[in-house]
Each structure stands twice: as C-alpha cells, then as structure tokens.
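Peer 1:
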Amino acid sequence: MIPGLGNLMQDVLWCFSQVKGTIDVGVTEADIISTVEFNHTGELLATGDKGGRVVIFQREQESKNQPHRRGEYNVYSTFQSHEPEFDYLKSLEIEEKINKIRWLPQQNAAYFLLSTNDKTVKLWKVSERDKRPEGYNLKDEDGRLRDPSMITSLRVPVLRPMDLMVEATPRRVFANAHTYHINSISVNSDYETYMSADDLRINLWNFEITNQSFNIVDIKPANMEELTEVITAAEFHPHHCNTFVYSSSKGTIRLCDMRTSALCDRHAKFFEEPEDPSNRSFFSEIISSISDVKFSHSGRYIMTRDYLTVKVWDLNMENRPIETYQVHDYLRSKLCSLYENDCIFDKFECVWNGSDSVIMTGSYNNFFRMFDRNTKRDVTLEASRENSKPRAVLKPRKVCVGGKRRKDEISVDSLDFSKKILHTAWHPSENIIAVAATNNLYIFQDKVN
Amino acid sequence: MFMRGLKRKCFDGEEDIEETLAGIKAIPSYNLQRQSLLDMSLVKLQLCHMLVEPNLCRSVLIANTVRQIQEEMTQDGTWQMINMQNTGQASVDRLVSTDILCRSSREQAEGKHVPGYSTFSKDFEGDQAQDSSETMSTASSVQALRNLQSNVWEMENSQENKGNFQKSLDQIFETLENKSPNSVEDLFSEVDNSYYDLDTMLTGMMSNTKMGHCDGLEPFPSPTTTTSSSNCKSDLNELDHIVEILVES
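Chains V and G, in that order, give the protein sequences. In case it helps, full-length UniProt numbering puts the first sequence at residues 1 to 449. In case it helps, full-length UniProt numbering puts the second sequence at residues 1 to 249.
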C-alpha cells in the first residue's frame, strides 16, 4: 500500500488492532489518558495520564511469519513523569496530570520527549541498555571496592550482553515560568528551542537552559478586571522556525513572526471568521472557543477545533476558513444542557494524517470522526470493546436527530456524554491511528488486503 | 442584541409561552430562561473545585456569558419590567423554576460551606481560616448579585449600572492576582455573613419589590458580622507575618 498518500475514504476500511487498558467498570481517575502522541517515525507511541505517568509503546518489527500482525505496539517503557505538588502560597494543589507530550526528532540512539503538567515541563531521555561492563579492576562483581593491595593483575573490562533494559531519565526540568496553566508545548523546527503556552503567556525555551526563558506573548491585561480572552493552544510552524500560531477563547488565531520583535504582542496575521448572525445565542462565544490548533505537515494550512466544528484555514487567507466540517451539529439544540453539565467546556483535539488529506477528531459516546478533504466524505466510528475482535472492520456509526430512528442508528438523547474522545493521534506515514477513550487506548489500522 | 423574535437556539427547543398568573408551571418564558441561565452562570463561577485552581478559560467564558446576559437585560429594560409586574404568586413560580435549575449546585453550597467556594479568593490567603476564605468568595458573588439587583433600582443610570456590574465581575477576576493586604482589607470590610445562604440571597432578590435607590437594599440582620470581620483581620495579620518570614528567609 502507499502509506498515507491519496487514500480515498471508500478504499480505507478501518480495523481494530489493539486495545490497552483495563476493562474494569469503575475507572480509576489516575488512569484516564490525557494525551497521545506518535514520534516522528511512528515507531513509538506515547501516552500520558492523569496520574502523571507516561507509557511508551514500541512497534514490533514486522515479521514474515505473521503478516497479519502488522507491527503491534507493545509497552516499551513506563515512568512517573510528574508528581502531585502543593503550592503553599496559594493553598492549591498542582495536578500531576500530563497535559501534553511532544517528541524530539531522533538524533542518536536515545529518544527524547517533552512532557508537561500545568506548571512544569520536563525533558525525558529514554534509552536502551542491553550490555553491561564486567571485569572491573577496582571493584568486584557486586560493586564493592576491592582492597588495592590485593590486586595482582590488570584486566580490561568487557561488555557482556544483558536483558534489554529501557530506562527513562529526566534530563531537564523547566519550572517556575508559568503563573497560569500550561495548555501547549511545541518543539521548534530548529530542534534547539521549544515553546510552552499557558492561559495568558507563551514562553520560549532553549533545551539547554532551564533557569531562563523568553516571554514571547503576553496577553495579560494590566488590570485583570479587563480579562475577556485567554490563549487556548499554540504551535510552531513545521518548517519556519520564526513562525508560530496561537488560538484564543474567542475563536481567533494569531500568527506571529519572532523576527519582528522580542515580544510578539502584535500579530503578523489574524484569522477570524465573521459570526453568523442567524446562529447567535448566549452560547455563541463559548462554542467558538478554539480547543486545538494544528499546522498541516506541509505548513500551508492550519486546522482548528471548536466545540461543534473543525475548520481548515489557508495561511494566506485570514478572513475565513477554506473548509468547515460539522463534527456533531445535532448538539446545537442541546447547548443549554451541555452548558449546565459543563460538557460545553470539553476540549477536543484534532489531527492530520500524514499526507494532510484526511483530518480526524473525537466526539461523545466514544465516537470519533474522520473527514476526507478531497472527496468530502466523512465517517463516524466508535471505539468500544464490542468491536474489539482482532482485525474486525469498524462499522460506520450514525446519530439520528429526530423522527424515526433506523435500526443501527443511535438517537441524540441516548449518547453517553461521559465517554468522550478528546485525544487522538495519527501515525506520521501510515494509516494507523491511536484513540484514547477514557482509560483505554485503542489502535486501529486499515485493512490489509 | 439578541432578538426575542428569532428562534432561540440556546434553550432546548422550548417554546415561548407566557406564564399565567395562576402560577401554573408552564414552559418558562424567554425572560425566565434567561434569568435561570444567569443564575446558573453565577453559581458556576462560585462553585469551583476547592483543591485545584479553577480552569481560567472556563471562568472567563462563563463571566463573558454573564456580562452578555446582563447587557441584554439592561438594554431590554426587562429587568425593571419583571419586577413591576411582580405578583406574589408569580414570584413564587420564578423561585421554583430557578430552584430547579440551581438545586443540585445550591444543595452543595448549603451543605458544604466549609470546603468553600471559589478558589479565585485563594490567591489572597496562604493559610487563612476557612470561613474567611468563604467570606471572601461569597462576598465576590454577593457583590455580583447585589450589583445586579442594583441595576433594577437605577435603570436611569444604565451606564453606572454597567459599571457596577462590571466592577463586581471584575472583583472576581481581581482575586486571581496576589493583591496587597490593604485592598484585601477593603473587600473584607464589606462582608456580610448572612449571604452564606445562597437560598436567602436569591429569595431576597426575587421577592424584593421595593423601587428605590440601590442603597435601600438593607443587609439581612447579622449579629455575627463584627466577630467574623475581626477574625478576618486577625487572620490577615497572620498572613502578613507569614509573608514577612518568607521574604526575610
């Protein structure tokens, strides 16, 4: 198959591949997955959870003996990235929940990733050890020091194979730079810097320096009384290391160029769609708040997710998006209830496939949606244990809005709003997707013909 | 401005049927629903998780919604109209409908004073007594609601009303910042413990048919006010002391 290129929706059949996580009815809060990310080759898949843990899965080498098992993902490393903290000055807990994980491109045998909670970003090194040195002169096999007077000969220590051990070590801790909650981190294309964004500020870091960062965006008003807008997400351009975007709670996106000034308070471009007056309600602003922004791999487009839609913008056109996709428009008449139960504040993420031809985002009832930008076809799929037979093809789902409900459809009122798919990831070059459904991680692949 | 004639998408497809004075619990009118939305939003602003800092984005969005409703109500002049048409029965009905919306959250409020409300106020206090922090946050919300009612009595000064309401909402955001103890003291001086009871507060708003100046809103009798104010002040001194120690170290 040609991975990720020119995949037409009608040719792709998504199949269940694997599911990670327990089947227990009661979900431990700490096990809820809060972020999912493939690395740049797709060999590794990282998840972070509310308990501050990071679990990394590695794809098996494909074997000729079992062509069906096209590279399954198995646990490679698990470590505790963040611990709960207490801010004594404010008498508040700082959650250990991992908000985002971002991989660095691989430059040597070790893997590096950034993980962040609300306040602190950490750089982790994940490396393998499959040999150990033996035959030291000054210490014996147990590590105890030998009496130098007893040493009568010298030998050269040799490396002997051992069971593979994967160890994760924190190499840098970037702390105390954010007053508000960090919502995004993004590695720059220069691989030397990265940014971290909270509700009101964005900071630029150098990987080598942990005690300083540059503040590049600050939208905090002098008078907090005037606060009406916050930063919701931010990302660097994939190729231009001077360019980044950030989205706001008012549904706007600003593109900034770091060459123009040290503090990028004035945007280079401002993306906003004019409001549709016929759809105006008290909830218009809330549902326009952008929960995620992602550059396409090409760098030509940005995709934004607000409560009911996904939009694709061309960087060259600021006054409106070039494409708008309805994720679950049937919720529009339920906004008051969704406001009451706080679901209206759920932050859904969105992802591009490797060729930027298909976009994916999550919804409720463990549904997730894919939109093919070329054919304009879309599909709704479900991540559930019922569809979890190996290589079982996922059946498209449909929500019926009113009137007669057909056999396989589900009515809006039957949707389970506690089962929300906020985090998904798409393999950089193949049709493999990872979908986080509360405490379970589902991996789907397209059908092998 | 949101036109009343247009289809209202925000309320779950319910139609606009005016309430009868007989007090039949018909489908609430637009004004009633809007009022309910306002009350719900104000309660949401208060009831945040105690232990962890509240989500700023959510708070900002709710506050903006509240502002929006208030602006529309001010422009409509409906706030004044509702209270002028107020009969005993109608007001009870209004109470009930609000009650339904807010019941679950208000029950929380009544039952759990100690855990406190908004953590907006938390920034002020390192380790102040629980009731001080409650008082703070309750004061914020009280200000919001009190000033909301002030709009009724001062419709002729609509600009000022906006200012008042703005100011009360602003106070909620001010508490996000570490402020100097002096300004905190100012806020403390306005505290009235009787407003612990959200029930009482909402009831007081609804049934008060007095037309008059804002100042006419008398606080409910509260014999313990002085005591808690002095408690607040002594805790404030304690905070100063602690900050001194921290700064010196």
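Cβ coordinates follow ideal geometry from the N, Cα and C atoms, glycine included. Values in this document were obtained by computation on a predicted structure and should not be read as measured data.
#1: Can you tell me whether V:ILE209 is buried or exposed? The criterion is at least 16 other CB atoms within 10 Å of its CB, across all chains shown.
#2: Give the interface partners of G:ASN31 over in chain V, defined as CB-CB distance under 7 Å, in chain order.
#3: Buried or exposed for V:THR47, going by 16 or more other Cβ atoms inside 10 Å?
#4: Give every residue of the same chain whose Cβ lies closer than 6 Å to the Cβ of V:THR120, excluding the five residues on either side of it in the sequence, and list them in chain order.
#5: Given that a residue counts as buried once 16 or more other Cβ atoms are within 10 Å of its Cβ, and exposed if not, what is V:PHE145?
#6: Whole angstroms are fine: how far does the CA of V:ILE98 sit from the CA of V:SER278?
#7: Measuring CB atoms only, is the segment 282-298 of chain V touching the segment 246-260 of chain V, in the sense that at least three cross pairs come out at less than 8 Å?
#8: Per DSSP, which residues does V:ASN206 bridge with? Please list them.
#9: Using the C-alpha atoms, what's the distance from G:GLN46 back to V:PRO221?
#10: What span of residues does the alpha helix (DSSP H) with G:ASP76 cover, start to end?
#11: Might you give, ordered along the chain, the residues of its own chain that have their beta carbon closer than 7 Å to the beta carbon of V:GLN445, omitting 5 neighbours on each side?
#12: Using DSSP with H/G/I as helix, E/B as strand and the rest coil, what is V:ARG171?
#13: For V:SER196, would you say it is in contact with chain G, using Cβ-to-Cβ distances shorter than 9 Å as the test?
#14: What whole-angstrom Cβ distance do V:PHE367 and V:GLU382 have, given they're in contact under 8 Å?
#15: Between which two residues does the alpha helix (DSSP H) harbouring G:ASN31 extend?
#16: Name, going along the chain, the residues of the segment 270-289 of chain V whose beta-carbon falls closer than 8 Å to a beta-carbon of chain G.
#17: Just to confirm the assignment, what range does the beta strand (DSSP E) spanning V:ASN350 have?
#18: Going along the chain, which residues of the segment 58-79 of chain G sit with their C-beta nearer than 7 Å to a C-beta in chain V?
#19: What's the gap between the Cα of V:ASN211 and the Cα of V:ASN223?
#20: Excluding the five sequence neighbours on either side, which residues of its own chain have a C-beta within less than 6 Å of the C-beta of V:GLU323, listed in chain order?
#21: Do the segment 177-191 of chain V and the segment 229-245 of chain V meet, that is, are 3 or more Cβ pairs less than 8 Å apart?
#22: Determine whether the beta carbon atoms of V:GLU156 and V:ASP199 lie at a separation below 9 Å.
#23: Any Cβ of chain G within less than 9 Å of the Cβ of V:LYS389?
#24: Show which residues of chain G have a CB atom less than 8 Å away from the CB atom of V:SER249.
#25: Using a beta-carbon distance cut-off of less than 9 Å, what residues from the segment 336-353 of chain V approach chain G?
#26: Is it buried or exposed, V:VAL158, if we count other Cβ atoms within 10 angstroms and call 16 or more buried?
#27: Given that a residue counts as buried once 16 or more other Cβ atoms are within 10 Å of its Cβ, and exposed if not, what is V:THR193?
#28: Mind listing the chain G neighbours of V:VAL230? Cutoff is C-beta to C-beta under 7 Å, in chain order.
#29: Hey, could you find the ends of the beta strand (DSSP E) V:LEU92 is sitting in?
#30: Between the Cα of V:ASP257 and the Cα atoms of V:HIS267, V:VAL435, V:GLN80, which residue gives the shortest distance?
#31: Does DSSP put V:ILE344 in a helix, a strand or coil?
#32: Please determine if the segment 416-427 of chain V and the segment 395-408 of chain V are in contact, where contact requires at least 3 C-beta pairs separated by less than 8 Å.
#33: From V:ASN65 to V:GLU72, what does the alpha carbon distance come to, in whole angstroms?
#34: Name the chain G residues that come within less than 7 Å of V:TYR180, Cβ to Cβ?
#35: Would you mind reading off the limits of the alpha helix (DSSP H) that contains V:GLU285?
#36: Please check if any C-beta of chain G sits within less than 9 Å of the C-beta of V:ASP292.
Peer 2: Let me lay it out:
#1: Indexing the first sequence from 1 puts residue 209 of chain V at position 209. Answer is exposed; the Cβ neighbour count stays below 16.
#2: By one-based count along the second sequence, residue 31 of chain G stands at place 31. Neighbours of G:ASN31 on chain V: none; closest Cβ ~13 Å, over 7 Å.
#3: The count along the first sequence starts at 1 and reaches residue 47 of chain V at position 47. Classification for V:THR47: buried.
#4: Here residue 120 of chain V is taken as the residue at index 120 of the first sequence, counted from 1. Answer for V:THR120: ALA175, listed in chain order.
#5: Against the first sequence, residue 145 of chain V aligns to sequence position 145. Sequence check: residue 145 of chain V is Leu here, not Phe. Answer is exposed; the Cβ neighbour count stays below 16.
#6: Numbered from its first residue, the first sequence carries residue 278 of chain V at position 278. Numbered from its first residue, the first sequence carries residue 98 of chain V at position 98. Approximately 39 Å, taken between the alpha carbons.
#7: yes
#8: The count along the first sequence starts at 1 and reaches residue 206 of chain V at position 206. BP columns for V:ASN206 point to V:THR193.
#9: One-based indexing of the first sequence puts residue 221 of chain V at position 221. One-based indexing of the second sequence puts residue 46 of chain G at position 46. If I take the Cα positions, the gap works out to 22 Å.
#10: Position 76 of the second sequence, counted from the start, is the residue given in the question as residue 76 of chain G. Unbroken alpha helix (DSSP H) run through G:ASP76: 56-76.
#11: Looking up residue 445 of chain V in the first sequence gives position 445. CYS15, SER17, ARG70, ASN431, ILE432, listed in sequence order.
#12: Here residue 171 of chain V corresponds to residue number 171 of the first sequence, with the count starting at 1. Strand at V:ARG171.
#13: Taking the first residue of the first sequence as 1, we reach residue 196 of chain V at position 196. Cβ-Cβ to chain G under 9 Å: no for V:SER196.
#14: Position 367 of the first sequence, counted from the start, is the residue given in the question as residue 367 of chain V. Position 382 of the first sequence, counted from the start, is the residue given in the question as residue 382 of chain V. Sure, about 5 Å apart at Cβ, within 8 Å.
#15: What you label residue 31 of chain G is simply residue 31 of the second sequence in a count that begins at 1. Where G:ASN31 is concerned, the enclosing alpha helix (DSSP H) stretches over 30-46.
#16: SER278, ASN279, ARG280, SER281, PHE282, PHE283, GLU285, ILE286, SER289
#17: As a first step, residue 350 of chain V must be located in the first sequence, where it is residue number 350. Correcting the residue identity first, residue 350 of chain V is Cys in this sequence and not Asn. First-last of the beta strand (DSSP E) with V:CYS350: 350-352.
#18: ARG58, VAL60, LEU61, ASN64, THR65, GLN68, ILE69
#19: Against the first sequence, residue 211 of chain V aligns to sequence position 211. Against the first sequence, residue 223 of chain V aligns to sequence position 223. V:ASN211 and V:ASN223: Cα-Cα distance of roughly 28 Å.
#20: Taking the first residue of the first sequence as position 1, residue 323 of chain V is located at position 323. Answer for V:GLU323: VAL312, listed in chain order.
#21: yes
#22: For this step, residue 156 of chain V is matched to residue 156 along the first sequence. For this step, residue 199 of chain V is matched to residue 199 along the first sequence. Per the sequence shown, the amino acid found at residue 156 of chain V is Val instead of Glu. Going by C-beta atoms, V:VAL156 is not nearer than 9 Å to V:ASP199.
#23: Mapped onto the first sequence, residue 389 of chain V falls at position 389. So, not an interface residue.
#24: For the purposes of this step, residue 249 of chain V is taken as the residue at position 249 of the first sequence. Those are CYS57, VAL60, LEU61, listed as they occur along chain G.
#25: CYS336, SER337, TYR339, GLU340, ASP342, ILE344, PHE345, LYS347
#26: As a first step, residue 158 of chain V is located in the first sequence; it is residue number 158 there, counting from the start. It counts as exposed.
#27: In the first sequence, counting from the first residue as 1, residue 193 of chain V sits at position 193. That one is buried.
#28: On the first sequence, residue 230 of chain V is found 230 positions in, with the first residue counted as 1. Going along chain G in sequence order, the residues near V:VAL230 (Cβ under 7 Å) are LEU56, CYS57, VAL60.
#29: Looking up residue 92 of chain V in the first sequence gives position 92. 92-94 is the extent of the beta strand (DSSP E) around V:LEU92.
#30: Taking the first residue of the first sequence as position 1, residue 257 of chain V is located at position 257. V:ASP257 has its Cα closest to that of V:HIS267, out of V:HIS267, V:VAL435, V:GLN80.
#31: Taking the first sequence and counting its residues from 1, one reaches residue 344 of chain V at position 344. Three-state result, V:ILE344: helix.
#32: no
#33: In the first sequence, the residue the question calls residue 65 of chain V occupies position 65. In the first sequence, the residue the question calls residue 72 of chain V occupies position 72. So the two alpha carbons sit approximately 14 Å from each other.
#34: Locating residue 180 of chain V in the first sequence gives position 180, where the first residue counts as 1. Here the neighbours are LEU56.
#35: In the first sequence, residue 285 of chain V corresponds to position 285, counting from 1. Element bounds for V:GLU285: 284-288.
#36: Here the question's residue 292 of chain V lines up with position 292 in the first sequence. No, V:ASP292 lies away from the interface with chain G (no Cβ there is under 9 Å from its Cβ).
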